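Asker: Can you keep this structure in mind? I'll have questions shortly.
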Amino acid sequence: MAKKRAVWLMTGFSLFLLVSGLSLRASAGTPGGAEEIMRRSYLVQFYSGKDMRSKVTMRLLSKEGGERVRVLIMARRNVKTGGDQKYFIVFLQPADVRDMTFLVWKYPQRDSDRWLYIPAIKLVKRIAADDKRSSFVGSDFSYEDVSGRTPEEDNHTLLREEKYEGKEVFVVKSVPKDEKSDDFGYKVSWIDKGNFVLWKEEYYDKRGSLSRVFTADEVKSIQGFPTTVKRTMKNVQTGHWTEATFGEVKYNLGFADSLFSERSLRNPPGELAR
Amino acid sequence: MKYFLASAFLAALSLHPCPPALALSVHGFLEGVAGARLTDNPAQPKDATLGEGRLQVELSQEGPADSRLFFKADLIGDGVEERGDADLRELYLDLSPVQILDIRVGRQILTWGTGDLIFINDLFPKDFVSFFVGRSLEYLKVGSDAVKFSLYPGPFSLDLVAVPHFTPSEIPKGERLSFFNPFANRIAAPGESLSMRKPAATPENTELALRLYRTFGSYEGALYGFRGFFKEPAGMDPADGTLFYPKLSVYGASMRGPFLQGVASFESGYYDSREDRPGTNPLIENASLRYLLGYERELWTDFSVRAQYYLEQMLEYGVYKVSLPPGSPEKKEYRHLLFLRLTQLLRYQTVELSLIGFYSPSDEDGMVNPQISCKITDWLSVASGANVFFGKRDFTQFGQLDKDDNLYLRLRANY
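Protein chains in written order, with the working numbering: chain A, 246 to 519; chain B, 43 to 457.
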């Protein structure tokens, strides 16, 4: 009797394995679920390589013709792909923030730890950062746009599949699970079916009107990783927009974890800062 | 010192077999600052608290093997003190002879601890006069002529600073701000000054400061030690009518990390007043225990609040009270100080509105500093604000400045 039960159990278990294996393969080959599309796009945008460094130039442009420029060097290390990350930023321009450094330990499940170093008084300041939607260095990009919004924070729906500027894309609508936490009502993303590059994203406010539009203006393959080297975020409600160019992009530089520390804030090492 | 550093650096440069492209960067700013009193002050004949032009030059030369020579100096035309001046703010050489060691030699600004404008374990010189008359924040700190060793052996880090040449903090001395004359027991009259006696520059008077720190997940912990002198003249010598800087040792600790969607910090220190341990000498500050609790949080986008509570407990208070000569201003055993900073950024973070407030319920004094600053372009900025002081008694920190309320305006062009 016991033997018979064991056989049934074995059979059931094998069937379960087979089915789940099949479904896994199916989702890996042609991702059907909107969650899976957003997850893969998130990894392509924010987790390529073990680490990365780039010189970022941001042009902040106003409707009235005003222009401000921010230049910084950004280094990033994945502690765990899709999970914790560490960022290090050195500001080069404008003059009033030159040589300031910024360190972020990012955790997808809770608030990041952030430190800012002010060189004029040699002060390492801890930044209280509850609001992930706050503007990054006064640009139209938020902190979250720079370091990524965890896909698990939203519910995703595949709206349609279409062509966007000659490329086959998925169009996905994402609504924050926590209605109170964010200042956008929902967003719509155009994601490349081939390499999961995010080509366009529209943010709608709580009232349902379009607030910001992201576009990837130039994507290059660098060391085999599709990299958005030029991108724009436009605030359609104010007419202000920011163009960000990622120059000198390099992946897999082999950054040690200890580089992302107070020592580097106070005295940025060449490998992170040049 | 300057020449030694420069020649050592040049020697290091010339020894390097194949010099890579070593970048020299030149930066700085030109700044005009004006400040005026808001009220008449009988102790101060001049209406201006600030009137100066500053040219700051900053040179940074990278050398081989992560070395660097850094120079920062101000040329100042001062209308209040009616003189020209040059101020060598920083001149140091950075070396990293081995992977786990950084050395900084020369005049350098040193800062550590968790406080915002309130310091316990940061015993490096400060210039509160600059802060109280409305100069920009960088002038709050004064450089020390020092050697700093930073060790990074692994799980923790260690900073060890030796300061062979004592530099005091700047305190109100009558040129711009009133001060309480403890010998006369009143606010000093115009032209009155106090002489201060600095400790002699001898090897045994070399100040030592130490910080041992590490992170525990998202939390930062640190232990501190200091052996040197009070940075303010906390001792009186009635024999020659001078103030002096008594011997001081400090042992402290701090912790900082996330708390309730913000950042909380705690710092404490034991001030061992080595020239008056029993507290029997009323002319030298007693030993004390000091605590600082801080909390900062962004309440909404680009609006943050920081609150601090500082407590100072005088030790041997009973002895102090008994030994105090009749008629002398009597300090309280506990000094409480509350601090609040509100910051709102506007217009793509190019406009900053800030409000800083200090209030001591025990001293019944305090100050308020509202300020608006604006980045007109990437290279041109303007800031304006006011410092308003209040206090019931002349001998307290802010009370002595009660009639020094001022308004200031700064215009700065960076290059």
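Note that CB positions come from ideal geometry on N, CA and C, so glycine has one too. Treat the numbers as computed from the prediction; the structure is a model and nothing was measured.
1. Going by beta carbon distance, what residues of the same chain come within less than 6 Å of G311 (chain B), once the five residues before and after it are set aside?
2. Which word fits F258 (chain B), buried or exposed, when buried means at least 16 other C-beta atoms lie within 10 angstroms of its C-beta?
3. 8 Å is my cut-off, CB to CB: does K331 (chain A) come that close to chain B?
4. If you measure beta-carbon to beta-carbon, which residues of the stretch 300 to 326 of chain A are closer than 7 Å to chain B?
5. Could you work out which residue in A:R476, A:L337, A:K370, A:L443 is closest to R284 (chain A) when comparing CA atoms only?
6. So, at 7 Å on beta carbons, what are the nonlocal neighbours of N323 (chain A) in its own chain, with the 5 sequence-adjacent residues on each side left out?
7. Starting from the Cα of L133 (chain B), find the closest Cα among B:E123, B:G148, B:T244, B:P87 and give me that residue.
8. Cutting at 6 Å between CB atoms, please list the residues of its own chain near S67 (chain B), excluding the five before and the five after it.
9. Excluding the 5 residues preceding and the 5 following G185 (chain B) in the sequence, name in chain order all residues of the same chain whose CB lies nearer than 7 Å to its CB.
10. What are the residues of the stretch 354 to 381 of chain A that lie near chain B, defined by any Cβ-Cβ distance shorter than 7 Å?
11. Taking the alpha-carbon positions, what's the P197 (chain B) to E463 (chain A) distance?
12. Determine the direct distance from the alpha carbon of F441 (chain A) to that of I282 (chain A), and round the result to whole angstroms.
13. Is it the case that the Cβ atoms of E354 (chain B) and S346 (chain B) are separated by a distance below 8 Å?
14. For a quick check, are the C-beta atoms of L285 (chain B) and P324 (chain B) less than 8 Å apart?
15. Once you ignore the five residues that flank Y362 (chain B) on each side, which residues in its own chain have a CB closer than 8 Å to its CB?
16. Could you check if A38 (chain B) is buried or exposed, using at least 16 other CB atoms within 10 Å of its CB as the buried criterion?
17. Any Cβ of chain A within less than 8 Å of the Cβ of E394 (chain B)?
18. In chain order, which beta strand (DSSP E) runs of at least 3 residues are fully inside the stretch 370 to 441 of chain B?
19. Counting only beta-carbon atoms, is R343 (chain A) nearer than 8 Å to chain B?
20. Does the CB of N512 (chain A) have a neighbour CB from chain B at under 8 Å?
21. Are the CB atoms of R377 (chain B) and D405 (chain B) nearer to each other than 8 Å?
22. Taking 8 Å as the limit between beta carbons, can you name the residues of its chain near V122 (chain B), skipping five residues before and five after?
23. If we cut at 8 Å on Cβ distances, does P339 (chain A) have a partner in chain B?
24. Label L317 (chain A) either buried or exposed according to how many other C-beta atoms from any shown protein chain fall within 10 Å of its C-beta, with 16 as the threshold for buried.
25. For K508 (chain A), go through chain B and note every residue whose CB falls closer than 8 Å to its CB, in chain order.
26. From the DSSP output, read off the bridge partner residues of G267 (chain B).
27. Would T275 (chain A) pass as an interface residue toward chain B - the criterion being a Cβ-Cβ separation below 8 Å?
28. Measure from the alpha carbon of K325 (chain A) to the alpha carbon of each residue in A:W350, A:Q338, A:T302, then state which is nearest.
29. DSSP on A271 (chain A), reduced to helix/strand/coil?
30. Does the stretch 192 to 208 of chain B touch the stretch 498 to 514 of chain A, meaning 3 or more C-beta pairs lie closer than 8 Å?
31. At the 8 Å Cβ level, is H485 (chain A) part of the contact set with chain B, yes or no?
32. How would you label Q350 (chain B), buried or exposed, when you count the other beta carbons within 10 angstroms and need 16 or more for buried?
33. Taking 8 Å as the CB-CB cut-off, is G430 (chain A) touching chain B?
34. Spatial neighbours of A78 (chain B) within its chain, please: CB distance less than 7 Å, with the 5 preceding and 5 following residues excluded, ordered by chain position.
35. Residues of chain A with CB under 7 Å from H378 (chain B), in chain order?
36. Using three-state DSSP, classify G266 (chain A) as helix, strand or coil.
Answerer: Well, looking at it:
1. Here residue 311 (chain B) corresponds to residue number 269 of the second sequence, with the count starting at 1. Here the set comprises I162, N163, V292, G294, R332.
2. The count along the second sequence starts at 1 and reaches residue 258 (chain B) at position 216. Taking every protein chain shown into account, the CB of F258 (chain B) has fewer than 16 other CB atoms within 10 angstroms, so this residue is exposed.
3. Numbered from its first residue, the first sequence carries residue 331 (chain A) at position 86. Against chain B, the CB of K331 (chain A) has no partner CB under 8 Å away; the residue lies outside that interface.
4. Taking 7 Å as the upper bound on Cβ-Cβ separation, chain B lies near residues L305, R313, V314 of the stretch 300 to 326 of chain A.
5. The residue given as residue 284 (chain A) occupies position 39 in the first sequence. By alpha-carbon distance to R284 (chain A), the top candidate from A:R476, A:L337, A:K370, A:L443 is A:L443.
6. Walking along the first sequence from the start, residue 323 (chain A) turns up at place 78. Here N323 (chain A) has Y292, K295, D296, Q330 as same chain residues with Cβ atoms under 7 Å from its own Cβ, once five neighbours each way along the sequence are excluded.
7. Looking up residue 133 (chain B) in the second sequence gives position 91. When each option's Cα is compared against that of L133 (chain B), the closest is B:G148.
8. By 1-based counting over the second sequence, the position of residue 67 (chain B) is 25. Contacts found: S102.
9. In the second sequence, residue 185 (chain B) corresponds to position 143, counting from 1. Answer for G185 (chain B): R131, E132, R149, Q150, I151, listed in chain order.
10. Residues passing the 7 Å Cβ filter: D356, D358, A365, I366, K367, L368, R371, A373, A374, D375, D376, R378, S379, S380.
11. The sequence position of residue 197 (chain B) within the second sequence is 155, counting from 1. The sequence position of residue 463 (chain A) within the first sequence is 218, counting from 1. Approximately 42 Å between the Cα atoms of the pair.
12. Taking the first sequence and counting its residues from 1, one reaches residue 282 (chain A) at position 37. Taking the first sequence and counting its residues from 1, one reaches residue 441 (chain A) at position 196. So the alpha carbons of these two residues sit roughly 7 Å apart.
13. Position 312 of the second sequence holds residue 354 (chain B). Position 304 of the second sequence holds residue 346 (chain B). For E354 (chain B) and S346 (chain B), no; Cβs fall outside 8 Å.
14. Translated into positions along the second sequence, residue 285 (chain B) becomes position 243. Translated into positions along the second sequence, residue 324 (chain B) becomes position 282. No, the pair does not count as a contact, with Cβ atoms beyond the cut-off.
15. Numbered from 1 along the second sequence, position 320 holds the residue referred to as residue 362 (chain B). For Y362 (chain B), same chain residues with a beta-carbon under 8 Å away, outside a window of 5 residues either side, are G321, P324, N328, M356, K373 in chain order.
16. Because chain B in this structure spans residues 43 to 457, residue 38 (chain B) falls outside the shown range and cannot be described.
17. Numbered from 1 along the second sequence, position 352 holds the residue referred to as residue 394 (chain B). Closer than 8 Å: no.
18. Complete beta strand (DSSP E) runs here, min 3: 376 to 388, 393 to 402, 407 to 417, 422 to 433.
19. Within the first sequence, residue 343 (chain A) is the residue found at index 98, counting from 1. Closer than 8 Å to some Cβ of chain B, the Cβ of R343 (chain A) qualifies, so yes.
20. Numbered from its first residue, the first sequence carries residue 512 (chain A) at position 267. By the rule that beta-carbons nearer than 8 Å mark a contact, N512 (chain A) touches chain B.
21. Indexing the second sequence from 1 puts residue 377 (chain B) at position 335. Indexing the second sequence from 1 puts residue 405 (chain B) at position 363. In this structure, D405 (chain B) lies closer than 8 Å to R377 (chain B) by Cβ.
22. Walking along the second sequence from the start, residue 122 (chain B) turns up at place 80. K88, A90, T91, L92, G93, E94, E217, R218, listed in sequence order.
23. Numbered from its first residue, the first sequence carries residue 339 (chain A) at position 94. Yes, P339 (chain A) counts as interfacial toward chain B.
24. Counted from its first residue, the first sequence places residue 317 (chain A) at position 72. Per the 10 Å Cβ criterion, buried.
25. By 1-based counting over the first sequence, the position of residue 508 (chain A) is 263. The sequence shown places Arg at residue 508 (chain A), not Lys. Among the residues of chain B, those whose CB is under 8 Å from the CB of R508 (chain A) are D144, S192, Y194, S199, following chain order.
26. By one-based count along the second sequence, residue 267 (chain B) stands at place 225. Note: G267 (chain B) sits in a beta bridge opposite B:L252, B:Y293.
27. Residue 275 (chain A) sits at position 30 when you count from the first residue of the first sequence. Unreliable positioning characterises T275 (chain A) in this predicted model, as indicated by a pLDDT of 46, which lies under 50. A coordinate reading is not provided.
28. Here residue 325 (chain A) refers to the residue found at position 80 of the first sequence. For the residues A:W350, A:Q338, A:T302, the minimum Cα distance to K325 (chain A) belongs to A:W350.
29. Walking along the first sequence from the start, residue 271 (chain A) turns up at place 26. With a pLDDT of 38 at A271 (chain A), under the threshold of 50, the modelled position of that residue is not reliable, and the figure given next carries that caveat. Annotated three-state conformation of A271 (chain A) is helix, per DSSP.
30. Yes, they touch.
31. Along the first sequence, one-based indexing puts residue 485 (chain A) at 240. With 8 Å as the cut-off, H485 (chain A) counts as an interface residue toward chain B.
32. Within the second sequence, numbered from 1, the residue matching residue 350 (chain B) stands at position 308. Under this definition Q350 (chain B) is a buried residue.
33. Taking the first residue of the first sequence as 1, we reach residue 430 (chain A) at position 185. Cβ-Cβ to chain B under 8 Å: no for G430 (chain A).
34. Counting from one through the second sequence, the residue named residue 78 (chain B) turns up at place 36. D89, A90, T91, N448, L449, listed in sequence order.
35. Position 336 of the second sequence, counted from the start, is the residue given in the question as residue 378 (chain B). In chain order: nothing, as chain A lies at least about 24 Å away.
36. Position 21 of the first sequence, counted from the start, is the residue given in the question as residue 266 (chain A). With a pLDDT of only 43 at G266 (chain A), under the threshold of 50, the placement of this residue in the model should not be trusted, and no figure is reported.
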